[in-house]
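A.B. asks: Below is the structure I would like to discuss, written out as structure tokens.
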Amino acid sequence: MSVKSVLVTGFEPFGGHTKNVSAEVARRLSDLTEIVHPWTGTSVPVSVTMDVLSVDRKGACKTAARIRNGETYDAILHLGLCERCEHPQIERLARDRMDMRIPDNLGRQVRETPLDGEGDRGIWVDPSRWPANAFNVPFHLSTNAGAYLCNETFFETLKSLGETTQKPLPPPCVFVHLPDAHRLPVEASTAFSQHVLAFLLHPTPNVPVHVVAGYLSDGMGKHLIAKRSPGEFDAGSWEFPGGKIEAGESWAASVERELREELRLDVTGRHLLGTVVRDVGTTTYAVHLVRCDWSGALDRLALDVHDAVAWVNLTDSDRPWAGRDAEFHSLICDLTHNQVEASPSSVIARSSLMERGT
Ligand code: PCA
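13 is the number of the first residue of the sequence shown in the working numbering; add one for each residue after it.
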């Protein structure tokens, strides 16, 4: 069996702490030579690269620099201390935002500033599918990694992974915030982090079919969804339009092709925002929401697979959703929270649109 290569990082102490549990856990995980496959119970050989990051801009960008230098891993696990957490927290979203409550270890204090201004970055595994009873302690799934060095690190790493050309997707990465050692012993945090690593290497029980779904925003608080036609799978329900990633295709190329084929819309796949896993019969689908830039007029949209499209606002969630797309809608509410004023939704039915061939 091939050896899985993983990168595990922790942080140096900061903000008056004399220790940082994340560095201690990372050091302990560096001794690992095998992990237990979380779905089959078999043993999987691993080789761990460990890094304790400095709590400054250089530390935050160090993993991204490794990736841009061509280092490759099967999974990346970032660990950090969460001072106020009672339980470990698996972060699903890195915010495009810095707002440092205290200076970092080099005295830098950035307030209310975007990281690159291109939006939040998400992960491409679905930890909501990881059975809670497979872990040694309770944990939270979070969409708020803070606005300090942990978030900055997570953001820079996800950004660099998004630039890689690995197909269909880059290797998985999550950030885990650990409680201080007086709340959760280091041994328990280490065991928890080891379980996360096992799931990162094997995010679903079966090899999934990868699917992309486009998130297109009108920049004024509305996003595009489409209604599936009678006779189609999930007929009558609404979805973020997209489709299966084809063999040899990247997530970005796939969403660009799918939206061209289905809606005759030119888009550019920008970055991954989040993933939900869904079982249909015996097939597991991993659906990846991709933030897209788009161009072209709405009256040029074709409706081949869909019955209607709609630009909906954030409060407009009361409709039948295909699969777990309601969760994508909520995620977008989270992303855009406080950023835009919601405006009324508009539905465009098939009859009011120019269709292919007409
Ligand atoms: N926790 C901080 C930065 C380093 C760490 O361990 C944070 O939550 O951002």
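We treat Cβ as the ideally placed atom computed from N, Cα and C, and that holds for glycine.
Under the assumption that residue 19 contacts residue 61 (Cβ atoms under 8 Å), give the Cβ distance between them as a whole number of angstroms.
C.D. replies: In the sequence shown, residue 19 corresponds to position 7, counting from 1. In the sequence shown, residue 61 corresponds to position 49, counting from 1. Their Cβ separation, rounded to whole angstroms, is 5 Å, which keeps residue 19 and residue 61 in contact under 8 Å.
A.B. asks: Under a criterion of Cβ closer than 7 Å to any non-hydrogen atom of the ligand PCA, which residues qualify, in chain order?
C.D. replies: 23, 26, 32, 34, 67, 92, 93, 94, 158, 160, 161, 162, 163, 189
A.B. asks: Please check the pair residue 33 and residue 201, which I expect to be a contact at CB under 8 Å, by giving their CB distance rounded to whole angstroms.
C.D. replies: Position 21 of the sequence shown, counted from the first residue, corresponds to residue 33. Position 189 of the sequence shown, counted from the first residue, corresponds to residue 201. Yes, they are in contact, since the Cβ atoms of residue 33 and residue 201 sit about 6 Å apart, within 8 Å.
A.B. asks: Given a threshold of 16 other Cβ atoms within 10 Å of its Cβ, counted over all protein chains shown, does residue 139 qualify as buried or as exposed?
C.D. replies: Working through the sequence shown from its first residue, we reach residue 139 at position 127. Buried is the call here.
A.B. asks: Are residue 151 and residue 100 touching if we call contact CB-CB under 7 Å?
C.D. replies: What you label residue 151 is simply residue 139 of the sequence shown in a count that begins at 1. What you label residue 100 is simply residue 88 of the sequence shown in a count that begins at 1. Cβ atoms of residue 151 and residue 100: closer than 7 Å.
A.B. asks: Between 141, 130, 204, which has its C-alpha nearest residue 299's C-alpha?
C.D. replies: Looking up residue 299 in the sequence shown gives position 287. Selected option, being the one with the closest Cα: 141.
A.B. asks: For the stretch 149 to 230, list the alpha helix (DSSP H) runs that are entirely contained and at least 4 residues long, ordered along the chain.
C.D. replies: Scanning the stretch 149 to 230 from its first residue to its last, the whole alpha helix (DSSP H) runs of 4-plus residues come out as 161 to 175, 198 to 213.
A.B. asks: Do residue 213 and residue 338 have their CB atoms nearer than 7 Å?
C.D. replies: By one-based count along the sequence shown, residue 213 stands at place 201. By one-based count along the sequence shown, residue 338 stands at place 326. Cβ distance not < 7 Å, so residue 213 and residue 338 don't count as in contact.
A.B. asks: Kindly confirm or deny that the stretch 222 to 242 and the stretch 159 to 167 touch, where touching means at least three C-beta pairs closer than 8 Å.
C.D. replies: no
A.B. asks: From what residue to what residue does the alpha helix (DSSP H) around residue 273 run?
C.D. replies: On the sequence shown, position 261 is the one that residue 273 refers to. Residue 273 -> alpha helix (DSSP H) spans 263 to 275.
A.B. asks: Let me make sure I understand the geometry here. Which of 43, 114, 233 has the alpha-carbon closest to that of residue 27?
C.D. replies: Counted from its first residue, the sequence shown places residue 27 at position 15. Here the closest residue by C-alpha is 114.
A.B. asks: Going by beta carbon distance, what residues of the same chain come within less than 6 Å of residue 181, once the five residues before and after it are set aside?
C.D. replies: One-based indexing of the sequence shown puts residue 181 at position 169. Correct list, in chain order: 136, 263.
A.B. asks: List the whole-angstrom C-beta distance separating residue 302 from residue 224, where the pair is believed to meet the contact cut-off of C-beta under 8 Å.
C.D. replies: Walking along the sequence shown from the start, residue 302 turns up at place 290. Walking along the sequence shown from the start, residue 224 turns up at place 212. Their Cβ separation, rounded to whole angstroms, is 5 Å, which keeps residue 302 and residue 224 in contact under 8 Å.
A.B. asks: Leaving out five residues before and five after residue 363 in sequence, what residues of the same chain have Cβ atoms less than 8 Å from its Cβ?
C.D. replies: For this step, residue 363 is matched to residue 351 along the sequence shown. Note that residue 363 has pLDDT 38, beneath the 50 cutoff, so the model's placement of it is unreliable and the number below is only indicative. Same-chain partners within the cutoff: there are none.
A.B. asks: Count the other CB atoms within 10 Å of the CB of residue 205; is the residue buried (16 or more) or exposed (fewer)?
C.D. replies: Numbered from 1 along the sequence shown, position 193 holds the residue referred to as residue 205. Buried: at least 16 other Cβ atoms inside 10 Å.
A.B. asks: Any heavy atom of the ligand GDP closer than 6 Å to the CB of residue 120?
C.D. replies: Questions concerning the ligand GDP fall outside what the structure shown contains, since the ligands it does hold are the ligand PCA.
A.B. asks: Between which two residues does the alpha helix (DSSP H) containing residue 34 stretch?
C.D. replies: Counting from one through the sequence shown, the residue named residue 34 turns up at place 22. Start and end: 33 to 41.
A.B. asks: What first and last residue would you give for the alpha helix (DSSP H) that runs through residue 71?
C.D. replies: One-based indexing of the sequence shown puts residue 71 at position 59. Looking at the DSSP string, the run of the alpha helix (DSSP H) that includes residue 71 is 69 to 80.
A.B. asks: If you draw a straight line from the alpha carbon of residue 154 to that of residue 203, how long is it in whole angstroms?
C.D. replies: Your numbering for residue 154 matches position 142 in the sequence shown. Your numbering for residue 203 matches position 191 in the sequence shown. Going from the Cα of residue 154 to the Cα of residue 203 covers about 20 Å.
A.B. asks: Please determine, among 294, 198, 199, 24, the residue with the shortest C-alpha to C-alpha distance to residue 217.
C.D. replies: Numbered from 1 along the sequence shown, position 205 holds the residue referred to as residue 217. When only C-alpha atoms are compared, the closest one is 294.
A.B. asks: Answer with buried or exposed for residue 341, where buried requires no fewer than 16 other C-beta atoms within 10 angstroms of its C-beta.
C.D. replies: As a first step, residue 341 is located in the sequence shown; it is residue number 329 there, counting from the start. Buried, since its Cβ has 16 or more Cβ neighbours within 10 Å.
A.B. asks: Give the straight-line distance between the Cα atoms of residue 175 and residue 77, rounded to the nearest whole angstrom.
C.D. replies: By one-based count along the sequence shown, residue 175 stands at place 163. By one-based count along the sequence shown, residue 77 stands at place 65. Looking at the two C-alpha atoms, the distance is approximately 12 Å.
A.B. asks: Between the Cα of residue 277 and the Cα atoms of 305, 167, 290, 13, which residue gives the shortest distance?
C.D. replies: By one-based count along the sequence shown, residue 277 stands at place 265. Cα-wise, what sits closest to residue 277 is 305.
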